[in-house]
Amino acid sequence: MAKGASLGGFTQGHTARCVHDGIGAASRNASRGGLVGNSEASRTRSRYSGYLLDNGTKEAPTRFAVLSSLFDPGTIRHLKACGVSRGWNCLEVGGGGGSVASWLADRVGPTGRVLATDIDPRFLEALDLPNLEVRRHDIATDALPEGAFDLVHARLVLMHLPERKTALARMISALKPGGWLVDEEYDSCSMPPDGTVSPGEVLLQTQVAMSRLLEDGGVDRLYGRGLCGRLRAHGLVSIGAEARAFMWQSGSPGAALVRATYELLRDAMVDRNYITPQQFEEDIARLDDPDFLMPSPILWSAWGRRP
Ligand SMILES: C[S@@+](CC[C@H](N)C(=O)[O-])C[C@H]1O[C@@H](n2cnc3c(N)ncnc32)[C@H](O)[C@@H]1O
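Take 15 as the starting number for the sequence shown in my numbering and just add one per residue.
Spelled out as structure tokens, the structure:
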């Protein structure tokens with residue numbers, strides 16, 4: 015299906031983002047509980063969205079390239095295990111750079127279709143694939159067609175959303191009976207750097223500042239670990255979960271991801287006095303230290319079927 019063509023029942027959202035500034039809570043509360051789509055509550059909430067890792071920044075292409083190189087192999091393994099194949103109707107939520115949406119579009123072929131959504135779909139829109147539909151859509155507030163998809167996938171999206179409970183329920187409602195949900199989210203808490211394991215493992219001040227900033231914006235840094243239990247609570251069947259983690263060294267793609275993310279968030283961290291410019295520069299230099307070691311966040315992939 016060509017970009018811009020419509021899927022029945024799908025309501026397009028109109029969204030933009032800015033750094034969470036404390037005004038968002040009221041508008042988020044106002045928008046809870048309904049499939050509101052292009053409502054005033056949705057538009058208001060979106061202006062004050064807590065999502066901080068803006069796709070419009072100069073760091074975004076690097077971040078998406080590294081996320082793809084690090085995590086796509088495992089993601090694709092899980093998607094294949096669900097049986098994604100020709101003719102399937104798939105939804106990719108928060109598709110970001112579009113690597114998973116592209117893979118899905120190729121996999122389902124001309125008789126299948128993929129809907130890829132994002133609050134900022136600029137990279138998805140550049141894909142221009144005949145069976146891929148791209149929509150600007152806020153999974154926290156905007157409606158989805160119910161019972162429509164053979165597969166719904168998201169990676170590193172729900173953990174960012176204060177409305178993650180509603181969003182997960184919406185993604186599950188969008189599944190056909192028998193359809194698969196695959197959600198992949200970080201646990202950034204369970205494996206912190208530990209210098210007693212290896213001397214190169216140091217908890218950087220910038221990492222602490224970033225965690226604080228993300229939590230201010232409503233990020234649940236432990237969300238991935240709880241996924242399996244959440245899918246069970248939703249009554250999904252054939253549930254499973256697997257975790258992946260890396261040891262990131264200087265010069266690695268992981269270190270490039272850390273650098274790009276730190277730089278993207280630098281001004282917000284400095285403005286809030288969570289880090290000084292000098293501490294920030296020291297930590298950035300530390301990423302190039304040959305001794306540098308950082309356990310990555312743990313990426314939990316969890317899957318289940320709608321009965
Ligand atoms: C960390 S990136 C991950 C991108 C991609 N899923 C991946 O793993 O490579 C999170 C993506 O979710 C999008 N996003 C954030 N909040 C969203 C929301 N409320 N609804 C839909 N997408 C959202 C962002 O714009 C961004 O593209």
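Positions of the beta carbon are idealized from the N, C-alpha and C atoms, including for glycine.
Between ligand 1 and the CB of Asn69, the shortest heavy atom gap is smaller than 6 Å. The closest CA to that of Arg100, considering only Val122, Trp194, Phe163, is found on Val122. Shown here for Pro267: same chain residues with a beta carbon closer than 7 Å to its own, the five before and five after excluded, namely Val80, Ser83, Leu84 in chain order.
By the Cβ neighbour-count rule, Glu229 is exposed, with fewer than 16 other Cβ atoms within 10 Å of its own. Secondary-structure assignment with DSSP links Asn103 through a beta bridge to Arg127. Residue state for Ile289 is assigned as coil, using DSSP reduced to three classes. Shortest gap from the CB of Ala130 to any heavy atom of ligand 1: 6 Å or more. Asp120 and Asp234 have their C-alpha atoms spaced approximately 33 Å apart. If you check the C-beta of Leu279 against ligand 1, you find no heavy atom less than 6 Å away. Setting aside the 5 residues that flank it on each side, Tyr288 is surrounded in the same chain by Ala223, Arg226, Leu227, each with a C-beta closer than 7 Å to its C-beta; the list follows chain order. Distance from the C-beta of Ala154 to the nearest heavy atom of ligand 1 is below 6 Å.
Per DSSP, Leu143 lies in no beta strand (DSSP E) segment and is marked neither H nor E. One thing to note: Leu278 has its Cβ within 7 Å of the Cβ of Thr71. For Lys190, the enclosing beta strand (DSSP E) covers residues 189 to 201. The beta carbon of Tyr237 lies closer than 6 Å to those of Met173, Glu199 in the same chain, with the five residues before and after it left out.
Under a 10 Å Cβ-count criterion, Thr210 is classified as exposed, with fewer than 16 other Cβ atoms of the shown protein chains found around its own Cβ. For Leu81, the shortest C-beta to heavy atom distance toward ligand 1 is below 6 Å. For a cut-off of 8 Å, the C-beta gap from Glu147 to Ala188 is around 14 Å, too long to register as a contact. Classified as buried, Gly111 has 16 or more neighbouring CB atoms from the shown chains inside 10 Å of its CB.
For Ala255, the uninterrupted beta strand (DSSP E) segment begins and ends at 251 to 258. In the DSSP assignment, Arg319 is bridged to Trp194, Val251. With a threshold of 6 Å, the Cβ atom of Val171 counts as near ligand 1, since some heavy atom of the ligand is closer than that. The three-state secondary structure of Met261, taken from DSSP, is strand. Leu165 is a Cβ neighbour of Val98, given a cutoff of 7 Å. Residue burial is scored here from C-beta neighbours: Ser212 has fewer than 16 other C-beta atoms within 10 angstroms and is therefore classed as exposed. In the three-state scheme derived from DSSP, where H, G and I count as helix and E and B as strand, Met205 is classed as coil.
Assigned with DSSP and collapsed to three states, Asp302 falls in coil, not helix or strand. Asp86 is positioned such that its CB atom lies no closer than 7 Å to that of Ser116.
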